[in-house]
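Worksheet: one structure, shown below.
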Amino acid sequence: MTGTTLAPTPRLSRRNRRRAASIGLSAGIAALAIFWMSPMYLVFVNSMKDFGEILRNAAALPERFMSDNYEVAWELADFATALVNSLFVTVLAVGGLVIIGAMAAWRMARRPHRWHKVLFSLFVVAMVVPFQTLMIPTVQLSTWLGVVNTRSGLVLLYLSFGMPLTVFFLHGFVQSSVPREIEEAARIDGASSWQTFRLVVLPLMRPMIATVSILHAFWIWNDFLLPLLVLFDPARRTIPLAIFSFFGVHSDQWDLATAALVMGMVPIVVFFLVFQRFIIRGVAAGSLKG
Amino acid sequence: MALKELPRAAASAGRTTAGRRSSRTGRTARRDDAMFVGPAVLLFGGILGAGFILGLWYSLVEWNGVNREMTFIGLENYATLLSDDRMRGSAWFTARFALVTTVLSNLMGLGLALLVTQPAPFQRLYRAMFFLPNVIGGILLGFIFRFVFSTAFDSLGELTGVGLFQLPWLGTPATGFWGTVIVFMWRSSGYLMAIYVAAIVSVDEDLYEAARVDGANWLQSTRRITLPLIMPAVTVGVFLMLSISSKLFDVIFALTNGGPYGSTEAFALNIYNEAFIYNNLGLASAKAVVFFVAVGVLTLVQVRFTQRREVER
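So the sequences go chain by chain: H and P. Its first residue numbered 1, the first sequence is counted upward by one per residue in this note's numbering. Its first residue numbered 291, the second sequence is counted upward by one per residue in this note's numbering.
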């Protein structure tokens, strides 16, 4: 960008021109990245101001960096409870999905008889069904099963909704990258099916289990509509629900509301930053597969 | 296409011993089937499978959800839909929204991908920054922009006098549409960037080297080498975005809740409102079935399109 505005004079050597272009490029990307983060910046700086200060200048840094917005929002949203609930549901659901899904995927890939093929096709079709199509029956079924308004009931629902994608990915992985010979060696050494699965197959599936777990973790952690439909008790709210109900009451108190938003974002953003490279790669791979 | 981490794919697929008889009896095999596949089948069938069938049944009844009474009315719900102007409006919004966001976020994602694959410092950091909005939940995103578009822009507009800040972003149907598009692009461009980056870095470096020797500049090698070679990723990106944006719910629920005047009521939100605000669960179930059919057709088109491509190559 700057490279073109610098209007390379004949005296400017080829190397210098390339250097100028490269500096221009770097500056351009940096500017775009800063612009990209500006909504985050606005939410973050205003979470440390009182309301009057937000109205005066939303873009300015806070006059003093300490603020009790977080303390108040934390209490009002009962954020500690929501954090525990979100962790509980996400960890149990993702763990259950990959274990139960891996069992089924391995067996279906290794013994592809007719029923397994039918089941596999059903899984593929189910991945297309939008949630809204299943929303009303899901509420009804949860009531009949007596799992409404419990966190473990929500886990159960995720185990069902996430199963097709889990099996689809792991099935493909078993077929392509788990060598059959090792399993047969384990068999000959007298291992039972369960031992073969647990000690030989499951460790070999680890790369794909990691990818699937990440996809599911983001989905379940951020999911809103399903918990909205089946959890009513404030003490059982997950983070998206807690933030949503907080906004139901305090939506115009932007000093508190921005603090609540930051609190809601921090856990998942930290998770992302820690596993960043792995996540971006995994998500890209996951989308190519689907 | 599939996963690049799996180079052994083809190799081991050819070596499968599918037809081989196991020495164990059929009974142990069936026991193992039940043990390994059974839990997944129960979970899947018990809720997803049963729910789908139940949903089809609900679309044929009149039911307000408050009392237990359901009246079978055949296809009457579907007939009602034909004259439902609100639903037609939301279908129209969803189609426009899906088309516009698919085009714009793919262009943006591709542009970002080309930028962050250039040799420049901090590229890994920039990738993370562009990707970041994607990991934040839709509800939070919607609320973030409710703040940005209202209070934050009001304050900035007053300070700077810039017209862009002074627009009633969530207050009129036109700005509401574009406001929603912006939020959605902010979220999905980084995601598409990741897909395009994966495709770009897998392009053979020798091709660029050869082009450079032949005197090609950056623009030329991008147009003649990069773009043609990442076309499969573009197909993925386009269909992925069509599918995601036509199912959009959370962001709109938090950002506009369908407003102003129902102008941003996405199809998914229309179904939700019909079911849980107006309590017409039978009618909502019919809409849900229509939604499934529409999304299903889109997917079939995608599958056909991808297959044809693969035959051509």
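We put the CB at the ideal spot given by N, CA and C, even for glycine.
If distances are taken between C-alpha atoms only, which option among the options comes closest to residue i?
| i | options | result |
| --- | --- | --- |
| I280(H) | S380(P), V487(P), I542(P) | V487(P) |
| L215(H) | V283(H), E181(H), D252(H) | V283(H) |
| D233(H) | N85(H), W115(H), A59(H), A60(H) | N85(H) |
| E184(H) | V72(H), S193(H), D252(H) | S193(H) |
| A369(P) | K577(P), L588(P), G586(P) | K577(P) |
| M135(H) | G451(P), L404(P), N560(P), R594(P) | N560(P) |
| F433(P) | V270(H), A259(H), F278(H), F271(H) | A259(H) |
| V45(H) | D189(H), V128(H), L273(H), F65(H) | F65(H) |
| P130(H) | V580(P), A410(P), F437(P), N367(P) | V580(P) |
| P409(P) | R237(H), L25(H), Q253(H) | L25(H) |
| R320(P) | P112(H), S38(H), R17(H) | P112(H) |
| S176(H) | L154(H), L241(H), G96(H), R110(H) | R110(H) |
| D50(H) | I268(H), S22(H), Q253(H) | Q253(H) |
| R386(P) | F326(P), G328(P), T470(P), E366(P) | T470(P) |
| L291(H) | I34(H), P62(H), L157(H) | Summary: the structure shown does not reach residue 291(H), with chain H confined to residues 1 through 290, and so no result is reported for it. |
| D444(P) | R436(P), F435(P), F455(P) | F455(P) |
| Y481(P) | D323(P), I337(P), T392(P) | T392(P) |
| I426(P) | P39(H), R18(H), V249(H), G248(H) | P39(H) |
Taking the straight line between their C-alpha atoms, what separation do you get for residue i and residue j?
| i | j | result |
| --- | --- | --- |
| A303(P) | S142(H) | Any reading at A303(P) needs caution, since the residue's pLDDT is 39, under 50, leaving its predicted position unreliable; the model's value is listed next. In a straight line, the C-alpha of A303(P) is about 41 Å away from that of S142(H). |
| S67(H) | E75(H) | 14 Å |
| L509(P) | G401(P) | 13 Å |
| G172(H) | T166(H) | 10 Å |
| R114(H) | M108(H) | 10 Å |
| L350(P) | N222(H) | 33 Å |
| T525(P) | M377(P) | 30 Å |
| A556(P) | F342(P) | 22 Å |
| A20(H) | A104(H) | 57 Å |
| V491(P) | I182(H) | 33 Å |
Could you name the residues of chain H that residue i contacts, counting a contact when the two beta carbons are closer than 7 Å?
| i | result |
| --- | --- |
| L446(P) | A58, A59 |
| R417(P) | I280 |
| F582(P) | V129, P130, T133 |
Under a CB-based cut-off of 9 Å, is residue i close to chain H?
| i | result |
| --- | --- |
| A308(P) | Residue confidence for A308(P) is low, a pLDDT of 41 falling below 50, so the modelled location carries little weight; the figure read from the coordinates is stated next. Yes - at least one Cβ of chain H is within 9 Å of the one on A308(P). |
| L405(P) | yes |
| R311(P) | With a pLDDT of 47 at R311(P), under the threshold of 50, the modelled position of this residue cannot be trusted, and the question is left open. |
| V487(P) | yes |
| T589(P) | yes |
| R599(P) | no |
| Y498(P) | no |
| G469(P) | no |
| V351(P) | no |
| V438(P) | yes |
I'd like the list of long-range same chain contacts for residue i, defined as Cβ closer than 6 Å, with 5 residues on each side in sequence excluded.
| i | result |
| --- | --- |
| E352(P) | T361, I363, G572 |
| R311(P) | Only weak support is given to the placement of R311(P): the predicted model assigns it a pLDDT of 47, under 50, and the value that follows is read from those uncertain coordinates. Hits under 6 Å: none found. |
| G162(H) | L97, H216 |
| T384(P) | S536, A556, F557 |
Spatial neighbours of residue i within its chain, please: C-beta separation below 7 Å, excluding the five flanking residues on both sides.
| i | result |
| --- | --- |
| Y348(P) | L571, G572, S575 |
| G264(H) | I239, I243 |
| W106(H) | V174, F197, V201 |
| A102(H) | L170, L202, M205, I209 |
Can you check whether the C-beta of residue i is within less than 9 Å of a C-beta belonging to chain P?
| i | result |
| --- | --- |
| W74(H) | no |
| N69(H) | no |
| I100(H) | yes |
| L215(H) | no |
| V167(H) | yes |
| L202(H) | no |
| V89(H) | no |
| T258(H) | yes |
| I243(H) | yes |
| T143(H) | no |
| N46(H) | yes |
| P234(H) | no |
| R111(H) | yes |
Excluding five sequence neighbours on each side, which residues of the same chain lie with their C-beta closer than 8 Å to the C-beta of residue i?
| i | result |
| --- | --- |
| V356(P) | N569 |
| S440(P) | W459, L460 |
| A285(H) | T211 |
| R514(P) | A501, A506 |
| L199(H) | A186, A191 |
| T512(P) | L404 |
| L344(P) | none |
At 7 Å on the CB atoms, spell out the chain P contacts of residue i, in chain order.
| i | result |
| --- | --- |
| S137(H) | The question names Ser, but residue 137(H) is Pro in the sequence shown. Within chain P, the residues near P137(H) are G341, L344, G345, Y348. |
| I128(H) | According to the sequence as given, residue 128(H) is Val; it is not Ile. Ordered by position in chain P, the residues that pass the 7 Å Cβ test against V128(H) are V585, G586, T589. |
| R107(H) | D322, D323, F326, V327 |
Interface residues of chain H around residue i at Cβ under 8 Å?
| i | result |
| --- | --- |
| A426(P) | Sequence inspection shows Ile at residue 426(P); the Ala mentioned does not correspond to that position. Near I426(P) (Cβ distances below 8 Å), the residues of chain H are N222, M265, I268, V269. |
| P646(P) | Chain P is shown only over 291 to 603; residue 646(P) falls outside these bounds and no answer can be derived. |
At 8 Å on the CB atoms, spell out the chain P contacts of residue i, in chain order.
| i | result |
| --- | --- |
| A284(H) | A484, I485, V487, A488 |
| S160(H) | L333, F334, G336, I337, L338 |
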